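Chains as they are written, first to last, in my numbering: chain A, 1 to 573; chain B, 574 to 943. C-beta atoms are modelled at their ideal positions from N, C-alpha and C, and glycine is treated no differently. This structure is a prediction, so every number in the text was calculated from the model and none was measured. Just below is one structure, and these are the notes that go with it.
Written as structure tokens, this is what we have:
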């Protein structure tokens, strides 16, 4: 912002030896002694305005980049990280069940009672219509094996319960088959008028949103809730409409239960609807009924009687969960709190440690190899240095996959290096070296791939170190080694720092090279993250692993700043 | 009920109106497939013929099938589905259907009947493993071995257990870096009868037993994650026996003359086919349905087998399978469904793996990393 004050036309201090300037300056002081700008406004305000304008202009200049970074970088990452705790799907899909299940004791050896099953029936029947139940099954299957198929199976069978009631209502009176009966029964009169008008006018645009009548809400609460869901669903679907489809079977179950609870419900209605309801209420005692609990356990799947399944739903019933983070550190969330995973399923701790260890090794190898190269580049005559620089950059421009595959050809047991060694007679044909598909292969290939990221910052720092310092040291009697170690090396440390940070951070998140040459012992945590993103679809766990990795990098960066100091990092000049 | 009569009358009108709208078709499609020889067979067998008949239509390919489920899920979350038809394996189709990302279809309604009038759903039969899935081909994951290994002293592998027999068949193996199929093969060679494999694999002991069997070859195995790797490893002589897709083996053996031979024993059938992403706009959906009707009829599926050794998913296509388009060899003997090849074979148990995948995979990866 220093430019702002220089550029502004105000506030240049008057010099005493310049009479004209002194005169101008006098004019710039108001009667109250305040400094004024040329246009008469107080200098302070004028200066502030100029500065603000400068800032605004600067902000507008970077605005496109800022918005770009926010939208394409920060927002998606924040969104992804949030997935590591997000668990909305359970309370959203099973709202009634989750509420009732809170008071169930998971240590009892029995599945919850009939109430919970009734709530679960409604949740599940609605979810099955909206096709949400299988997604929930997949989510809970991450925690307890077998839930996925349990939910899929139950989604198929659950309509049967509603069909029992549906058939009986329709046998009683055919009017129950008519969508219009339901519109008349459930809808608010004003809404009905609006809906009929919309329907008759060729159904242009969206239909008016469904509104239940007061009578329905009061007398038939369950049915109203189900019908409301049905109305929302049909409004969203493309070819369906309330006037053309009879409601889902679960609506008939709800109607049966409502009428059982309030036999006099018909009194709140009038006309045909009241007659229909009265007729139905009179016939209810002869209806065949379904006991939800026994139907689920005996007819749909005996696993519904397994308290473990219910304990899983109970444990993961909140809108946020720490389960993914626990999984990411080889633990798991159980009904009794966090517990370690069984030993034969622990893998992430090992992978995190391995990723850190190998990244550090790769960084070390890069420093060792890059330092002499950068030194040569910085100290050779320009022509030779340029040629060398091209050799450094050439592999940098070659496709990553090509370079990785080339290492495969070089290092494999039937590969170039082994062939040469066998030909020279250094090793026998039967004892070829194993150099790929393990840690060694990964370290070699990644060191090669990341080397330019170390050489370039080192080179740009070294090329600014004046050769006269070393000459001066030598002329004062230092040996070659002392001159290098005491004079040259300390000046090149910022380059090493910059290169190390670059290489380490790139290495820790590397994915493709370890995947190809890593075998079983040379893979990184990123390979597991990729697996959970694209194969197992456990995005929550992938996000948790990613968050931990990000945190580790930030902590290391902070530690580096404390120990070495981030001011000591130079990318050039 | 006044309203009901009015409504009924208008319903008829709406349905009639819908019929007119169905003619409205998009003039471009984005198809998603696997790339390579397989996608080429699709192009030759039915995409090019379709484009010839509909010159105003253009097709864009996206070779994203390996990550189709993840990408489609991301597209659905962003509410921007750019794909029109996606080629996936049966297991992925099931997951897409489970997640509500693929559209459920009525097979008899949208697909052509067989020439003899058999309904599509009967013609495809068991291949329809999910309501969203429109099968195209049956392939298998099976094994092949090098024919020039001196240490074997002329012995040739005849059954799957050659994989575990390091005495008779020394040398490196190459297997897929995931539990599916490997666990089954391990149990099979550990003496578990065919029918009981999944029952055994459900228990902790069964899983440990399978891993213990794999332990015997663990340090002599190169684990692949893409099928091309396994072919390369075998072709370079890095491994002497290993698994991959039968179509890949066919092209290595028949088209590239590699010294490899098939080991069909205990091949695992899998099915590949189309799914339509859920929530396509009408015009794009109409175009896709029009294309699908053509691309999955009996003759088109039989044509596909001219270019790749995968069995057509329709029973009525099998008799029409002829010779390879360029090499002129009979394709039938190279099909996984050929009776001689399928004497001992099994179909992947998709539902079972959908339940146990997460658990067993964690175990398998942890076992690998040790």
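Which residues of chain A have a Cβ atom closer than 7 Å to the Cβ of residue 929 (chain B), listed in chain order? What residue 929 (chain B) touches in chain A: 145.
What does residue 782 (chain B) reach in chain A if we use C-beta pairs closer than 7 Å? Ordered by position in chain A, no residue passes the 7 Å Cβ test against residue 782 (chain B), which lies about 13 Å from the chain.
How many Å lie between residue 593 (chain A) and residue 311 (chain A) at the Cα? This structure does not reach residue 593 (chain A), given that chain A is present from 1 up to 573, and the question cannot be answered.
What are the boundary residues of the beta strand (DSSP E) that includes residue 748 (chain B)? 746-749 is the extent of the beta strand (DSSP E) around residue 748 (chain B).
Determine, using beta carbons only, whether residue 660 (chain B) and residue 702 (chain B) come nearer to each other than 7 Å. no
Tell me whether residue 419 (chain A) sits in a helix, a strand or coil according to DSSP, three-state version. helix
Can you check the segment 846-883 of chain B for any alpha helix (DSSP H) of at least 4 residues that lies completely inside it and give the ranges in chain order? If only uninterrupted alpha helix (DSSP H) runs of at least 4 residues are considered, those enclosed by the segment 846-883 of chain B are 855-868 and 871-877.
Partner residues on chain C for residue 533 (chain A), Cβ-Cβ distance less than 7 Å: Absent from the structure: chain C. Protein chains present are A and B.
Give every residue of the same chain whose Cβ lies closer than 7 Å to the Cβ of residue 594 (chain A), excluding the five residues on either side of it in the sequence, and list them in chain order. As displayed, chain A neither begins before 1 nor continues past 573, which places residue 594 (chain A) out of reach and without an answer.
Enumerate in chain order the residues of its own chain whose CB-to-CB distance from residue 664 (chain B) is below 6 Å, with the five nearest sequence positions on each side excluded. 923
Is residue 942 (chain B) close to chain A, meaning its C-beta is less than 7 Å from at least one C-beta of that chain? yes
Buried or exposed: which applies to residue 353 (chain A), given that a residue is buried once 16 or more other Cβ atoms fall within 10 Å of its Cβ? exposed
Under 7 Å Cβ-Cβ, which residues of chain A neighbour residue 935 (chain B)? 345 and 347
Supposed contact pair residue 411 (chain A) and residue 435 (chain A) - C-beta distance, whole angstroms, cut 8 Å: Confirmed, about 4 Å.
With which residues is residue 710 (chain B) paired in a DSSP beta bridge? B:845 and B:885
So is residue 594 (chain B) buried or exposed if we call it buried at 16+ other beta carbons inside 10 Å? Its pLDDT being 44, under 50, residue 594 (chain B) is placed unreliably in this model, and the value from its coordinates should be taken loosely. Around the C-beta of residue 594 (chain B), fewer than 16 other C-beta atoms lie within 10 Å, and the residue is accordingly described as exposed.
Looking at C-alpha atoms only, which residue of A:185, A:207, A:356 and A:202 is the closest neighbour of residue 195 (chain A)? Measuring from the Cα of residue 195 (chain A), the nearest candidate turns out to be A:207.
Does any residue of chain A have a CB that is nearer than 7 Å to the CB of residue 796 (chain B)? yes
To which residues does DSSP link residue 797 (chain B) through a beta bridge? B:749
Other residues of its chain near residue 363 (chain A): CB distance less than 7 Å, five sequence neighbours each side excluded: 500, 503, 504 and 507
CB-CB length for residue 166 (chain A) against residue 313 (chain A), believed under 8 Å: 28 Å between Cβ atoms; not a contact.
Compute the distance between the beta-carbons of residue 746 (chain B) and residue 709 (chain B), then report whether it is under 7 Å. no
Residue 595 (chain B) (DSSP reduced to helix, strand or coil): Summary for residue 595 (chain B): the model assigns pLDDT 46, below 50, so the residue's position carries little reliability; its value from the coordinates is reported in the next sentence. Three-state result, residue 595 (chain B): coil.
May I ask you to list the residues that DSSP assigns as paired with residue 727 (chain B)? Answer is none; residue 727 (chain B) lacks a bridge partner.
Since residue 919 (chain B) is in the beta strand (DSSP E), which residue starts that stretch and which ends it? Where residue 919 (chain B) is concerned, the enclosing beta strand (DSSP E) starts and stops at 918-920.
Quick check: the Cα distance between residue 401 (chain A) and residue 449 (chain A), rounded to an integer number of angstroms? 10 Å
Along the alpha helix (DSSP H) that carries residue 331 (chain A), what are the first and last residues, could you check? Where residue 331 (chain A) is concerned, there is no enclosing alpha helix (DSSP H), although the beta strand (DSSP E) it sits in stretches over 331-334.
Closest to residue 681 (chain B) by CA distance: which of B:696, B:826, B:689 and B:868 is it? Nearest Cα to residue 681 (chain B) within the set B:696, B:826, B:689 and B:868: B:696.
What residues match up with residue 829 (chain B) in a beta bridge as DSSP calls it? The partner list for residue 829 (chain B) (beta bridge, DSSP) is empty, contrary to what the question assumes.
In angstroms with no decimal places, state the Cα-to-Cα distance between residue 832 (chain B) and residue 900 (chain B). 18 Å
Since residue 251 (chain A) and residue 172 (chain A) should fall inside the 8 Å C-beta cutoff, what is the C-beta to C-beta distance between them, to a whole number of angstroms? Contact between residue 251 (chain A) and residue 172 (chain A) is ruled out by a C-beta separation of about 15 Å, above the 8 Å threshold.
Hey, residue 315 (chain A) and residue 339 (chain A): beta-carbon distance below 7 Å or not? no
When you check each C-beta in the segment 446-462 of chain A against every C-beta of chain B, which residues fall closer than 7 Å? none
Chain-ordered neighbours of residue 399 (chain A) on chain B, where CB pairs are closer than 8 Å: Result: empty, since nearest Cβ-Cβ is about 16 Å, beyond 8 Å.
Taking a Cβ distance cut-off of 7 Å, strictly less, list which residues of the segment 413-442 of chain A are near chain B, in chain order. 413, 414 and 437
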